[in-house]
Amino acid sequence: MSLSKHILLTGATGFLGSHLTARLLQSGHRVTAVARGTKTASPKDRVEEVMHDVGLTQFENLTVVEGDIALPDLGFPEPLRNRIVSSTDEVWHCAASLSFQQEDRDEIFRMNVDGTRHVIDLVKQMPSRRLQHVSTAYIAGNRSDLALETDIDVGQNFKNAYEESKCRAELMIDADQRRGEIIASVYRPSIVIGDSRSGRATHFHGVYAFIRALWTALERLRRRMPEPGPVNLPLRVLGADTQTLNFVPIDYVVDGMVEIASRPESAGGAYHLANPTPTENRLWLSHICRLLAVEGIQLVGENSFLKSPMTKLEALFQKQMAFYYPYLQGEPRFDCRRTLDALNNTGPYCPPVTVELIDRMVGWYVDFLNARA
Ligand SMILES: NC(=O)c1ccc[n+]([C@@H]2O[C@H](COP(=O)([O-])OP(=O)(O)OC[C@H]3O[C@@H](n4cnc5c(N)ncnc54)[C@H](OP(=O)(O)O)[C@@H]3O)[C@@H](O)[C@H]2O)c1
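Residues in the sequence shown are numbered from 4 upward in steps of one, following this note's numbering.
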């Protein structure tokens with residue numbers, strides 16, 4: 004076990020933050036989670052519920068405080084702020100807006116840029132000035148070349164406000180770090196999916212939204228079928244067969260971040276928690292279709308819709324998935340050398356996306372959807 008630290012963590016109710024909190028607690032650290040309440044649940048109840056979901060049952064080293072990253076000092080009353088500032092060894096910043104909607108642009112920047120500024124300002128008051136920041140590999144935006152871990156803004160364009168805001172937050176951190184005001188490590192996961200051993204996930208963005216949209220369309224069709232069986236669903240999805248998407252299992256991401264963070268020499272670096280071997284879209288699509296028992300779905304280019312107009316279902320699917328489509332057209336390649344060097348000989352190890360892994364991930368989610376139907 005590494006030296007026990009007192010960690011302040013944002014985003015504990017989210018996908019990465021919940022797994023990370025559990026992992027840090029299991030490593031013997033004490034975690035103070037900053038969370039928001041809702042009309043019906045206190046911050047503490049919300050965090051404990053999600054901790055149960057990720058398999059944690061012991062809460063003695065976990066404290067929950069109410070806070071909002073959109074506010075200076077995260078909205079902490081002064082006595083709480085003073086206590087946190089004097090007792091925290093490092094801050095893990097996971098909270099963010101993951102909206103890809105253009106109309107949420109102001110809100111995305113308020114959370115991801117202003118929110119990170121508020122976290123940095125708090126870190127600067129701490130004796131250690133240590134920040135562990137969760138960013139995304141997709142700050143690389145529309146780059147088609149190899150994105151290095153040392154790169155931040157190289158003049159790239161972005162697919163959406165989310166990518167742009169996360170890049171802006173990194174630039175802020177980099178500037179403060181260069182001035183010696185904070186000591187930061189930046190972790191850039193690619194697209195995070197469920198646990199590599201069980202396939203289990205707890206939050207369902209990205210590829211899960213795609214599977215859910217397909218599953219819902221199929222359910223409607225199956226209800227009208229006289230007998231159960233495979234469905235033929237002619238559906239063209241805008242995307243490129245041989246382009247890749249970079250998926251990483253949640254266990255690799257949190258184990259990797261915690262392992263890297265435990266090494267003092269890692270401070271100051273950025274790390275791509277990405278899959279060294281990304282997967283072609285056609286591999287995912289063919290196995291998703293097999294597991295959903297559906298035929299007729301294909302990835303096509305824009306030209307296909309010029310030749311033959313979109314059906315009603317295709318238009319609906321396109322509308323629902325509009326924000327994910329740019330990712331099916333291609334993505335940057337992420338250089339992971341610094342991360343792999345840091346994890347060399349010790350693990351954790353990022354599993355390649357094999358048919359078995361897809362079966363486990365997609366199979367788990369399809370069972371989950373069926374069980375809830
Ligand atoms: N999921 C991925 O595939 C992926 C990939 C690469 C990078 N990342 C990065 O990983 C981090 C976590 O993402 P995620 O997938 O875990 O997202 P998520 O499931 O949507 O969780 C977001 C978290 O941020 C919290 N949050 C949002 N606004 C807040 C505010 N104003 N004050 C306090 N907390 C606030 C949310 O709290 P509430 O529950 O109160 O809303 C939630 O706990 C993000 O920085 C994201 O950019 C994620």
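The C-beta atom is built at its ideal place from N, Cα and C for all residues, glycine as well.
ask   = Residue ranges of each beta strand (DSSP E) run of no fewer than 3 residues wholly in the segment 260-340, ordered along the chain?
value = 273-276 and 297-303
query = Does ligand 1 have a heavy atom nearer than 6 Å to the CB of Phe18?
reply = yes
query = Rounded to a whole number of angstroms, what is the C-alpha to C-alpha distance between His290 and Val137?
reply = Cα-Cα distance, rounded: 31 Å.
ask   = Going by DSSP, what residues sit across from His136 in a beta bridge?
value = His96 and Val189
task = Tell me whether Phe18 sits in a helix, a strand or coil according to DSSP, three-state version.
result = DSSP places Phe18 in helix when its eight states are reduced to three.
query = Using DSSP with H/G/I as helix, E/B as strand and the rest coil, what is Ala44?
reply = coil
task = Give the secondary structure of Thr153 by DSSP, where H, G and I count as helix, E and B as strand, and everything else as coil.
result = coil
Contact set for Tyr328: own chain, Cβ-Cβ below 6 Å, skip 5 residues either direction = Cβ within range, chain order: Leu241.
Contacts around Leu343, its chain only, beta-carbon distance under 8 Å, and the 5 residues preceding and following it disregarded = Result list for Leu343: Pro279, in chain order.
ask   = Is any heavy atom in ligand 1 found nearer than 6 Å to the beta carbon of Leu276?
value = No, Cβ of Leu276 sits at least 6 Å from all heavy atoms of ligand 1.
Best match in Val297, Ala296, Arg108 and Leu6 for proximity to Lys162 [C-alpha to C-alpha] = Arg108
key: Distance between Val297 and Met313 (C-alpha atoms, nearest Å)   = Answer to the nearest angstrom: the Cα atoms are 19 Å apart.
query = Can you tell me whether DSSP reads Ile214 as helix, strand or coil?
reply = helix
ask   = When you compare each of Arg203, Tyr190 and Asp124 to Val154 by their alpha carbons, which one comes out closest?
value = Per the sequence presented here, residue 154 reads as Asp, with Val not at that position. Out of Arg203, Tyr190 and Asp124, Tyr190 has the C-alpha closest to the C-alpha of Asp154.
ask   = Among residues of its own chain, excluding the 5 on either side of Tyr352, which ones have a beta-carbon nearer than 8 Å to its beta-carbon?
value = Tyr255 and Leu346
request  = Pull up the DSSP beta-bridge partners for His9, would you.
outcome  = His9 is bridged to Arg33.
ask   = Hey, how far is the Cα of Ser2 from the Cα of Gly209?
value = Since the displayed the chain opens at 4 and closes at 376, residue 2 lies outside it and no answer follows.
query = Considering only C-alpha positions, which residue in the set Trp218, Gly158, Gly271 and Val122 is nearest to Gly183?
reply = Gly271
query = At what residues does the beta strand (DSSP E) containing Pro237 begin and finish?
reply = Val234 to Leu241
message = Taking only three categories from DSSP, how would you classify Phe250?
response = The answer is strand: DSSP assigns Phe250 an E or B state.
query = Are Ser131 and Met114 touching if we call contact CB-CB under 7 Å?
reply = no
request  = Count the CB pairs spanning the segment 21-35 and the segment 59-72 that are closer than 8 Å, and state whether there are at least three.
outcome  = Touching, per the Cβ criterion.
inquiry  = Taking 6 Å as the cut-off, is the beta-carbon of Met2 closer than that to any non-hydrogen atom of ligand 1?
reply    = The structure shown does not extend to residue 2, since the chain is modelled only from 4 to 376, so the question has no answer here.
request  = Note down, in chain order, each residue of its chain lying with its Cβ closer than 6 Å to the Cβ of Val234, except the 5 sequence neighbours on either side.
outcome  = If you ignore the 5 residues before and after Val234, its C-beta comes within less than 6 Å of the C-beta of Leu221, Leu224 and Val297, all in its own chain and listed in chain order.
request  = Taking 7 Å as the cut-off, decide whether the C-beta atoms of Glu166 and Tyr141 are in contact.
outcome  = In contact: Glu166 and Tyr141 (Cβ atoms closer than 7 Å).
request  = In angstroms with no decimal places, state the Cα-to-Cα distance between Leu294 and Leu174.
outcome  = Between Leu294 and Leu174, the alpha-carbon positions lie close to 42 Å from each other.
message = Less than 6 Å between C-beta atoms, sequence neighbours within five positions excluded: which residues of the same chain meet that for Gly20?
response = Gly14 and Cys97
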